[in-house]
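This report concerns only the one structure given below.
Residue numbers (this note's numbering): 18 to 533.
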């Protein structure tokens, strides 16, 4: 049995290959570690791996290299010429050096020969960039594992910070570190895809799997389902791992005052248990991760009261209306609503208008609002989804995607912060396009005017009885862009959707002069 997993750097190949090897009892053939070892040995000798004059010496080093692996409790160790290089081959320096070394034909010939020799004697799972096309073109299972560049950069940043994004799907990292790694990954992708020797490309019969928002277990499950023999090996390995005789269950007398579960205990348990239940001590995470239709009755009642009171009061104090509301409350599918931002009144118009017509809207709010349990409790009960600004917050992306796929609307203010003046520089936070693309949901522009006029700078009490107007535009689908590349689609959607928002705003301003 040969399982070949190819893909770009940071797509999760190594982690998935390790998981499959462990579950199915296969030998893990970490080809990337072999090339990294050659690069490390060359760097240790002081060679500039980008200098063509050093190619012959790099080849000699690679041909003489004795690379081996050792199974450990905490993973697999890598040895090169007798030295433990497990950590050394994963440094930024080797990240840069490995591409030119692995592109040398003679180096690849030496490594491929070793890899094929190993596969002759045992079942293997191998990962790299040309496993299914060059090394094992007749592999039993071929997978091309991809992920969005941003997701791959985040995983690397978390790994370098000592974390494990494979085990913690919600891990975050410093944005500057993520940006630096992202730039390097894009450079490597371009280099690996365009090189003459064994370029990065999927085999024609490879199955493509996007791991951007999938856990390791979910990716592994997809791969195991591709081959009955592989799935059978998984079952057989599981049977061998079970004890010969299962211990008899012990009967315990329950304590009268049992201790509560430890804080931070598995949050997946409540999700696996199905819909939330009233008075069941549901966590804030439960509300963020469940559909609003699954909220317990008390939470639904609270939300209804809030909508009724807030909607009624704001309608009286600041008479507001939304033109073309039918476009906004269309619940044929979940959609990403984006809107210019001027005041705290802005989300109220959309949430109230949609909610009274039976359409769920989940506003994305900055996590700074979770300053205490009271505000956190409030935002969780109205369907809010928190986002950590300044980080690659994949948790927020996953939650928004899940909501859109369930048919809920998601409300985002791409401008990030409230804009006080047209003279201010506006930074557009374009994550909304990625969320919509992943969920295959349309983006709906909405504009509002008048809200910024309610309170001037330094004024504590807002002005009353000032009218506020909003207007809904037509939803924009990714198909209508006429662009194939995913990255290009996101960029085009960001530009077009925000252009539509400002066009709607300008239409309202021309219709209601003086309104900002």
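Every residue, glycine too, gets a C-beta built ideally from N, C-alpha and C.
Since this is a predicted model, take the numbers as computed values, not measurements.
- The alpha carbon of residue 204 has as its nearest neighbour, out of 313, 166, 171, 236, the alpha carbon of 166.
- Under DSSP, residue 143 forms a beta bridge with 21, 46.
- Looking at 139, 492, 126, 337, the one whose alpha-carbon comes closest to that of residue 468 is 337.
- When DSSP states are grouped into helix, strand and coil, residue 52 belongs to the helix group.
- Counting along the chain, the unbroken beta strand (DSSP E) around residue 355 starts and ends at 353–356.
- Rounded to the nearest angstrom, the Cβ distance from residue 303 to residue 416 is 12 Å, too far for a contact under 8 Å.
- The three-state reading of DSSP puts residue 251 in helix, counting H, G and I together.
- Its Cα nearest to that of residue 172, the residue 31 stands out among 243, 106, 224, 31.
- Per DSSP, reduced to three states, the secondary structure at residue 333 is helical.
- Contact annotation: residue 357 and residue 465 have beta-carbon atoms nearer than 8 Å.
- Checking the DSSP bridge columns, you'll see residue 404 partnered with 383.
- Selection 369, 198, 512 evaluated against residue 498 yields 512 as nearest (Cα-Cα).
- Distance from the CA of residue 299 to the CA of residue 293, rounded to the nearest whole angstrom, comes to 7 Å.
- Taken atom to atom, the span from the alpha-carbon of residue 390 to that of residue 75 is near 59 Å.
- In this structure, the CA atom of residue 21 is about 52 Å from the CA atom of residue 488.
- In the DSSP assignment, residue 465 falls outside any alpha helix (DSSP H) and within the unbroken beta strand (DSSP E) covering 460–466.
- Per DSSP, residue 32 has no beta bridge partner at all.
- Excluding its 5 nearest sequence neighbours in each direction, residue 153 has C-beta neighbours in its own chain below 6 Å: 19, 21, listed in chain order.
- The segment 364–374 and the segment 420–428 touch, with three or more beta-carbon pairs separated by less than 8 Å.
- Beta-bridge pairing by DSSP links residue 153 to no other residue.
- Residue 33 places its beta carbon less than 8 Å from that of residue 233.
- A contact between stretches requires three or more CB pairs, one per stretch, nearer than 8 Å, and the segment 333–347 fails this requirement with the segment 380–395.
- Residue 395: member of the alpha helix (DSSP H) spanning 390–398, first to last residue.
- Around the C-beta of residue 430, 16 or more other C-beta atoms lie within 10 Å, and the residue is accordingly described as buried.
- Annotation for residue 375: no beta strand (DSSP E) segment contains it, and DSSP assigns it neither H nor E.
- In this structure the segment 49–66 does not lie against the segment 192–209, because fewer than three pairs of beta carbons, one per stretch, are closer than 8 Å.
- When DSSP states are grouped into helix, strand and coil, residue 67 belongs to the coil group.
- DSSP places residue 429 within a strand segment (E or B) once states are collapsed to three.
- About 36 Å separates the beta carbon of residue 43 from that of residue 191, a gap too long to meet the 8 Å contact definition.
- Taking 8 Å as the cut-off, the Cβ atoms of residue 45 and residue 135 do not count as close.
- For residue 222, same chain residues with a beta-carbon under 7 Å away, outside a window of 5 residues either side, are 159 in chain order.
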